[in-house]
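The numbering of the sequence shown is numbering that gives the first Met the number 0, which starts it at 0 and goes up by one.
Even glycine gets a Cβ: it sits at the ideal position worked out from N, Cα and C.
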Amino acid sequence: MSKETYSSPFWGENFKGFKDNKFPWLDTDLILSGYRRNMTLITTTQQIAAETTKAVMQLQAQYMKDVFEQLSEQTKKNISAASPEERVAHQSEKAKTAVDQAIEHGRNVNAIITKSNEKIIENVQKRFKEGVDESASLARKTKK
0 MSKETYSSPF WGENFKGFKD NKFPWLDTDL ILSGYRRNMT LITTTQQIAA ETTKAVMQLQ
60 AQYMKDVFEQ LSEQTKKNIS AASPEERVAH QSEKAKTAVD QAIEHGRNVN AIITKSNEKI
120 IENVQKRFKE GVDESASLAR KTKK
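1. How is Ser32 classed by DSSP in three states: helix, strand or coil?
2. Can you give the beta carbon distance from Ile41 to Ser115, rounded, assuming they're within the 8 Å contact cut?
3. Out of Arg139, Ser32, Leu29, Arg36, which one is the CA nearest neighbour of Gln124?
4. With DSSP collapsed to three states, give me the class of Ser82.
5. Can you check which of these residues, Ile111, Asp132, Lys140, Leu137, is closest to Gln57 by C-alpha distance?
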């Protein structure tokens, strides 16, 4: 994931006058750099969410493929099974296996989402702390 700064057409056109003006009581560079970092945080968060969604969708697709392959195999075996008792026993074993696989799949999806959420929370927390420091710095400058 790249750490590029956010820039949009809106930024250059609409804030140009604001950026060029100098107010003795306002540090516009500090405010504008904070805005850029906030936009970078949003972009990074969106990238993490998109990557997570892609990973979960790939995992879901593989899981569904495996389920359908197992169903096909089970159908073939049930047709060839000699007695109804053997069919029931075979289906019971397959049901146990399917439940175990579903639980494991759920755990895998949960782990991917949890990891993604932790990254996002870590980034937001870091940016929040930076923002508080920026606010304190701005407040000290305005007192002078």
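Answer, in terms of the structure:
1. Within the sequence shown, numbered from 1, the residue matching residue 32 stands at position 33. Helix, per DSSP.
2. As a working note, residue 41 is residue 42 in the sequence shown. As a working note, residue 115 is residue 116 in the sequence shown. Rounded, the Cβ-Cβ distance is 15 Å, inconsistent with contact.
3. Residue mapping note: residue 124 aligns to position 125 of the sequence shown, counting from 1. Out of Arg139, Ser32, Leu29, Arg36, Arg36 has the C-alpha closest to the C-alpha of Gln124.
4. For the purposes of this step, residue 82 is identified with residue 83 of the sequence shown, where counting begins at 1. Looking at Ser82 - three-state DSSP - the assignment turns out to be coil, as it is neither helix nor strand.
5. Residue 57 sits at position 58 when you count from the first residue of the sequence shown. The option with the nearest alpha carbon to Gln57 is Ile111.
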